[in-house]
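**Student:** Residue 81 in the UniProt record's numbering sits at position 81 of the sequence shown, with consecutive numbering throughout.
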Amino acid sequence: MPADPQLQLTDYQGQMVDIEALSHESPVLVYFWGTWCPICSTTSPKVNSLAESGSYPVVSIAVQSGSNQDIEQFMTEHSYSFTTINDEAGKIFSDWEGQVTPSYVVLKDGEMKQGLTGIQPEWSLRLRLWLSSLF
1 MPADPQLQLT DYQGQMVDIE ALSHESPVLV YFWGTWCPIC STTSPKVNSL AESGSYPVVS
61 IAVQSGSNQD IEQFMTEHSY SFTTINDEAG KIFSDWEGQV TPSYVVLKDG EMKQGLTGIQ
121 PEWSLRLRLW LSSLF
């Protein structure tokens with residue numbers, strides 16, 4: 001995670017998302033993915049299930065996945081409801097020193113508690129968020 005990441009972003013629908021403020025209430029899962037990423041087609045439904053449960057906030061960053069309209073169409077087509085920031089040029093991902101998708105960061109109190117990549121089962125994400133809430 002960069003020393004001073006941008007944590008106040010606008011989602012693809014034009015709504016302001018303050019990830020830092022959310023992370024002071026509970027751990028937040030930041031999910032970096034792409035519509036073009038074959039592994040993300042496996043992980044995104046799990047992330048969506050976690051987001052829909054309401055247990056922890058989920059903010060996703062769609063990396064180089066097209067316009068806001070493209071993102072909206074993809075989200076609707078797959079029935080995804082998680083909050084999504086459109087990182088059209090990949091700048092946010094680059095600023096966060098991302099290397100591969102999918103990648104996940106757990107933030108608590110504005111600080112990175114965990115970072116991981118690849119296929120993660122929903123139970124693993126829940127466990128990591130819960131552990132981050134304890135420490």
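For each residue, glycine too, the CB sits at the ideal point set by N, CA and C. Model, not experiment: these values are computed from the prediction.
Which parts of the region 72 to 129 are runs of the alpha helix (DSSP H), unbroken and 4 residues or longer, counting only runs that do not cross its ends?
**Tutor:** DSSP runs (the alpha helix (DSSP H)) wholly in the region 72 to 129: 91 to 95.
**Student:** With respect to the alpha helix (DSSP H) encompassing Leu22, which residues constitute its N-terminal and C-terminal limits?
**Tutor:** It spans 19 to 25 - the alpha helix (DSSP H) in which Leu22 sits, taken as one unbroken run.
**Student:** What residue from Thr43, Ile61, Ser55, Gly14 has the CA that sits closest to Gly98's CA?
**Tutor:** It is Ile61.
**Student:** May I have the straight-line CA-CA distance separating Val100 from Leu116, to the nearest angstrom?
**Tutor:** Going by the C-alpha atoms only, they are around 10 Å apart.
**Student:** Which one or two residues does DSSP pair with residue 146 in a beta bridge?
**Tutor:** As displayed, the chain neither begins before 1 nor continues past 135, which places residue 146 out of reach and without an answer.
**Student:** Whole angstroms is fine: what's the gap from Asn48's alpha carbon to Asp95's?
**Tutor:** Taking the straight line from one Cα to the other gives about 24 Å.
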